[in-house]
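Last residue of the sequence shown: 190 in the numbering used here, with the numbers rising by one and none dropped.
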Amino acid sequence: MLKCIISFLFILGINASLFSQLKSPYNFLSNRFGEEFTPHESLVEYVKHVAENSSQVKLIEYGRSTENRPLLLTFISTPENLANLEQIRTNNQRRAGLLPGKTDPNGTIFPLSG
């Protein structure tokens with residue numbers, strides 16, 4: 077999950093220096109990612125930290141796992157896009173043929189999974 081977050085930040089060109097309070101995973105986590113096991117709750121806390129300290133990240137808990145761990149959706153985009161998530165979601169449904177109506181070619185979600 078952490079690799080996916082780091083990839084998102086890199087792909088979107090989000091520079092940690094833009095966010096005065098945003099810590100890197102290496103500064104936030106107590107262990108080095110990839111060298112030691114990183115507990116799920118530590119990754120969740122880091123994702124929450126990023127969402128709380130960035131206007132370009134929105135975090136939504138959409139459920140709980142069978143072990144009662146939070147299941148999270150992380151949106152990384154411009155503040156304008158994050159404010160219009162419902163319109164973007166509806167546009168994607170139209171593009172997929174699930175809803176009638178015209179589509180906006182600029183309003184597309186690109187899902188990444190890790």
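A virtual CB, placed ideally from N, CA and C, is assigned to each residue, including glycine. Please read these numbers as outputs of a predicted model, since none were measured by experiment.
Checklist entry - Under three-state DSSP, which class holds Thr-166? => result helix
Item to check | Contact belief for Pro-167 with Thr-179 at Cβ below 8 Å, rounded distance in angstroms | outcome: Residue identity differs from the one stated: residue 167 is Asn in this sequence, not Pro. Right, their Cβ atoms sit about 6 Å apart.
Checklist entry - Going by the beta-carbon positions, is the gap between His-116 and Arg-145 smaller than 8 Å? => result yes
Checklist entry - Using the rule of at least 16 other Cβ atoms within 10 Å of the residue's Cβ for burial, across every protein chain shown, is Tyr-102 buried or exposed? => result exposed
Next on the checklist: Leu-98 and Val-123 - do their beta-carbons sit closer together than 8 Å?
Outcome noted: no
Next on the checklist: Let me confirm a value: Ser-100 is counted as buried when at least 16 other C-beta atoms fall within 10 Å, else exposed. Which label applies?
Outcome noted: exposed
Item to check | Exposure of Gln-163, with buried meaning 16 or more beta-carbon neighbours within 10 Å | outcome: exposed
Next on the checklist: Assuming Glu-111 is part of the alpha helix (DSSP H), what are its boundary residues?
Outcome noted: Careful: Glu-111 lies outside any alpha helix (DSSP H) and carries neither H nor E.
Next on the checklist: My parser needs the alpha helix (DSSP H) runs of 4 or more residues fully inside the stretch 108 to 149; what are they?
Outcome noted: 116 to 128
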